[in-house]
Ligand SMILES: Cc1ncc(COP(=O)(O)O)c(C=O)c1O
């Protein structure tokens, strides 16, 4: 007996996860997945260690410990600009990934349609697919990733139940403006659809921009399901603490699904994050400034190597322009001896050089010289292979998704 479910048949390991495994295997510096190796804030790990030492290690409420939900509510008010009731409108989830999955499970039926902006974050697509949700794509147009609102309007059908907004966006680094969010919200409301926002990179915005949560726009408030987490903000990607903020009638079923699949997010780590949320404002300013420096460093390296990088407006990556290839070329196995970040690839999906997929400036200061050299080499190598590289910014067109 070797049946696997129809549900997982079309789901494959995500490209970023694949690249992370490959990178670990060859001992490279991972410029692909948003693995933040900045120093963790001492308050977060002290809070978690104290919770472990004092045996706060049992299951928490499925919606999360009260102090954390209260602090998240304060953070939403202070930083995101909307008020939320910690008792009924916040669910602490297993990362924002768990937040998106539980929100989608609680609100969507198989056969419903959800709109994704393209380029999209692969986990969003695959989560929807596994639930049997149909997806529609609306391109964001480079270089500034503008939204074609006529195309967006045309993508709505009577079956549309939601639209996903990732801001700052993975992978293109677009930061959605208030005006854009207002228009998206208005369309969603008109079609009775939810707006699922993934705001995991909310503190990492550049060039004096400000992050806007769609929930902070009065007219969009009741269609917004706000999803975020602390992986990137506090450099604790493995802690798996995120949250969903949503109207109470939706937060309740999201909590039930969270209970069913995860029981609760790891309790001691919830205490750690509750402590980290006491940190002063200058932490967040410095975080964005550090990433901005790294973005510029990587962009310079890519320019020197002959690429034209799309400068991200937020998030941790920098994407070089590269040509789309033919299917035949995509199947080629690449070997790059100069750069250990690349390795012989086993199949067409792993032929993407890491520099072209997403170059994450998340190396620590300790490693930044080594990292710059590696980024230089990686960009040089990517130039040589750019003719044969798939267009990861449009993976569907490249047959990659
Ligand atoms: C857009 C986006 N959402 C969610 C995540 C994962 O967040 P978490 O660790 O909170 O599950 C990532 C990680 O790279 C991401 O890029």
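Numbering (the numbering used here), first residue to last: 3 to 403.
We put the CB at the ideal spot given by N, CA and C, even for glycine.
Just so you know, these numbers come straight off a predicted model, no measurement behind them.
Check your understanding: If you drop the 5 nearest sequence neighbours on each side, which residues of the same chain put their C-beta closer than 6 Å to that of residue 240?
Key -> The count along the chain shown starts at 1 and reaches residue 240 at position 238. Within the same chain, no residue comes within 6 Å of residue 240 by CB-CB distance, once the 5 residues on both sides are set aside.
Exercise for the section: Might you give, ordered along the chain, the residues of its own chain that have their beta carbon closer than 6 Å to the beta carbon of residue 406, omitting 5 neighbours on each side? Expected result: As displayed, the chain neither begins before 3 nor continues past 403, which places residue 406 out of reach and without an answer.
#### Entry: residue 6 versus residue 137: straight-line alpha-carbon distance, rounded
As a working note, residue 6 is residue 4 in the chain shown. As a working note, residue 137 is residue 135 in the chain shown. Roughly 23 Å between the two C-alpha positions.
Count the CB pairs spanning the stretch 83-101 and the stretch 288-307 that are closer than 8 Å, and state whether there are at least three.
Verdict: no, contact absent.
According to DSSP, simplified to helix, strand and coil, what is residue 4?
Numbered from 1 along the chain shown, position 2 holds the residue referred to as residue 4. Coil.
**Request:** Would you check whether ligand 1 has a heavy atom nearer than 7 Å to the C-beta of residue 137?
**Result:** As a first step, residue 137 must be located in the chain shown, where it is residue number 135. Because no heavy atom of ligand 1 lies under 7 Å away, the Cβ of residue 137 does not count as near it: no.
**Asked** So does residue 168 have its beta carbon nearer than 7 Å to some heavy atom of ligand 1?
**Response** Taking the first residue of the chain shown as 1, we reach residue 168 at position 166. Yes, the Cβ of residue 168 comes within 7 Å of a heavy atom of ligand 1.
- Query: In the structure shown, what three-state DSSP assignment does residue 22 receive?
  - Reply: The count along the chain shown starts at 1 and reaches residue 22 at position 20. Residue state, collapsed to three classes: helix.
Can you determine whether any heavy atom of ligand 1 sits closer than 7 Å to the C-beta of residue 264, and answer yes or no?
Here residue 264 refers to the residue found at position 262 of the chain shown. Checking the Cβ of residue 264 against ligand 1 gives no.
Checklist entry - Just the Cα atoms here: how many angstroms apart are residue 305 and residue 312? => result Sequence index remark: in the chain shown, residue 305 carries index 303 (1-based). Sequence index remark: in the chain shown, residue 312 carries index 310 (1-based). Distance from the CA of residue 305 to the CA of residue 312, rounded to the nearest whole angstrom, comes to 10 Å.
Checklist line | With 16 other Cβ atoms within 10 Å as the buried cut-off, status of residue 3 | finding: Numbered from its first residue, the chain shown carries residue 3 at position 1. Per the 10 Å Cβ criterion, exposed.
For residue 211 and residue 113, believed in contact at Cβ under 8 Å, the rounded distance
Here residue 113 refers to the residue found at position 111 when the chain shown is read from its first residue. Here residue 211 refers to the residue found at position 209 when the chain shown is read from its first residue. Actually they are not in contact, since the Cβ atoms of residue 113 and residue 211 sit about 38 Å apart, beyond 8 Å.
How long is the line joining the alpha carbons of residue 12 and residue 197, rounded to whole angstroms? What you label residue 12 is simply residue 10 of the chain shown in a count that begins at 1. What you label residue 197 is simply residue 195 of the chain shown in a count that begins at 1. So the two alpha carbons sit approximately 25 Å from each other.
Assuming residue 66 and residue 242 form a contact by the criterion Cβ under 8 Å, report the distance between their Cβ atoms to the nearest whole angstrom.
Taking the chain shown and counting its residues from 1, one reaches residue 66 at position 64. Taking the chain shown and counting its residues from 1, one reaches residue 242 at position 240. Taking 8 Å as the upper bound for CB-CB distance, residue 66 and residue 242 are not in contact here, some 12 Å apart.
_Rounded separation between residue 177 and residue 223 - CA only_ = Residue 177 sits at position 175 when you count from the first residue of the chain shown. Residue 223 sits at position 221 when you count from the first residue of the chain shown. When rounded, the separation of the alpha-carbon atoms in residue 177 and residue 223 is 19 Å.
Under 7 Å: does the beta carbon of residue 98 sit that close to some heavy atom of ligand 1?
In the chain shown, residue 98 corresponds to position 96, counting from 1. Placement of the Cβ of residue 98 at a distance of less than 7 Å from at least one heavy atom of ligand 1 is found.
Length of the line joining the Cα atoms of residue 22 and residue 14:
As a position in the chain shown, residue 22 is number 20, starting the count at 1. As a position in the chain shown, residue 14 is number 12, starting the count at 1. Near 15 Å, if we compare the C-alpha coordinates of residue 14 and residue 22.
| Going straight from the alpha carbon of residue 259 to that of residue 186, what length do you get? | Numbered from 1 along the chain shown, position 257 holds the residue referred to as residue 259. Numbered from 1 along the chain shown, position 184 holds the residue referred to as residue 186. If I take the Cα positions, the gap works out to 27 Å.
Worksheet item: Sorted by chain position, which residues of the same chain lie with C-beta nearer than 6 Å to residue 93's C-beta, five sequence neighbours on each side aside?
Response: Working through the chain shown from its first residue, we reach residue 93 at position 91. Leaving aside the five residues that flank residue 93 on each side, the residues in its chain whose CB is nearer than 6 Å to its CB run, in chain order, 65, 246, 253, 256, 257 and 260.
Subject >> Where the beta strand (DSSP E) containing residue 141 begins and where it ends >> reply: Against the chain shown, residue 141 aligns to sequence position 139. Boundaries of the beta strand (DSSP E) harbouring residue 141: 136-143, taken from the DSSP string.
Worksheet entry | Which listed residue (99, 145, 32 and 230) has its alpha carbon closest to that of residue 75 | As a first step, residue 75 must be located in the chain shown, where it is residue number 73. The option with the nearest alpha carbon to residue 75 is 230.
- Query: Would you say the beta carbon of residue 233 comes nearer than 7 Å to a heavy atom of ligand 1?
  - Reply: As a working mapping, residue 233 is identified with position 231 in the chain shown. Checking the Cβ of residue 233 against ligand 1 gives yes.
- Cβ neighbour criterion (16 or more within 10 Å) applied to residue 307: Reading the chain shown from its first residue, position 305 is the one you call residue 307. Counting Cβ neighbours within 10 Å, residue 307 comes out buried, since at least 16 surround it.
Q. Can you list, in chain order, the residues of its chain whose CB lies under 7 Å from that of residue 202, leaving out five sequence neighbours each side?
A. For the purposes of this step, residue 202 is taken as the residue at position 200 of the chain shown. If we look at residue 202 and ignore the five residues flanking it on each side, its Cβ neighbours are 98, 230, 231, 233 and 234.
- Query: Ordered along the chain, which non-local residues of its own chain (more than five positions away) have a Cβ less than 7 Å from that of residue 205?
  - Reply: For this step, residue 205 is matched to residue 203 along the chain shown. These residues qualify, in order along the chain: 235, 286, 289 and 290.
Would the C-beta of residue 198 count as close to ligand 2, meaning under 7 Å from any of its heavy atoms?
Looking for ligand 2 in the displayed structure turns up nothing; the ligands present are ligand 1.
Name the one or two DSSP bridge partners that residue 119 has. As a working note, residue 119 is residue 117 in the chain shown. Its beta-bridge partners are 140.
If we require 3 or more residues per run, which beta strand (DSSP E) segments fall completely within the stretch 195-251? As far as the stretch 195-251 is concerned, its whole beta strand (DSSP E) runs of at least 3 residues are 196-200, 226-231 and 243-247.
Could you give the DSSP three-state label for residue 83: helix, strand or coil? Position 81 of the chain shown, counting from 1, holds the residue named residue 83. Residue state, collapsed to three classes: coil.
In the DSSP output, what is residue 316 paired with across the bridge? Walking along the chain shown from the start, residue 316 turns up at place 314. Within the DSSP bridge table, the entry for residue 316 names 207 as partners.
Please name the residue or residues paired with residue 165 in a DSSP beta bridge. For the purposes of this step, residue 165 is taken as residue 163 along the chain shown, with counting starting at 1. Paired residue(s): 117 and 197.
- Using a Cβ cut-off of 8 Å (strictly closer), state whether residue 117 contacts chain D. Among the chains in the structure shown there is no chain D, since it carries only a single protein chain.
Q. Between which two residues does the beta strand (DSSP E) harbouring residue 95 extend?
A. The residue you call residue 95 lines up with position 93 of the chain shown. DSSP places residue 95 inside the beta strand (DSSP E), whose first and last residues are 92-96.
(request) Since I believe residue 144 is in contact with residue 120 (beta carbons under 8 Å), could you give me their beta-carbon distance rounded to a whole number of angstroms? (result) Indexing the chain shown from 1 puts residue 120 at position 118. Indexing the chain shown from 1 puts residue 144 at position 142. Taking a contact as a CB-CB distance under 8 Å, the pair residue 120 and residue 144 does not count as one, their CB atoms being some 11 Å apart.
Residue environment, residue 309, which counts as buried when at least 16 other CB atoms sit within 10 Å: Taking the first residue of the chain shown as 1, we reach residue 309 at position 307. Under this definition residue 309 is a buried residue.
Given a threshold of 16 other Cβ atoms within 10 Å of its Cβ, counted over all protein chains shown, does residue 51 qualify as buried or as exposed?
Start at 1 with the first residue of the chain shown, and residue 51 comes out as number 49. With fewer than 16 other Cβ atoms within 10 Å, it is exposed.
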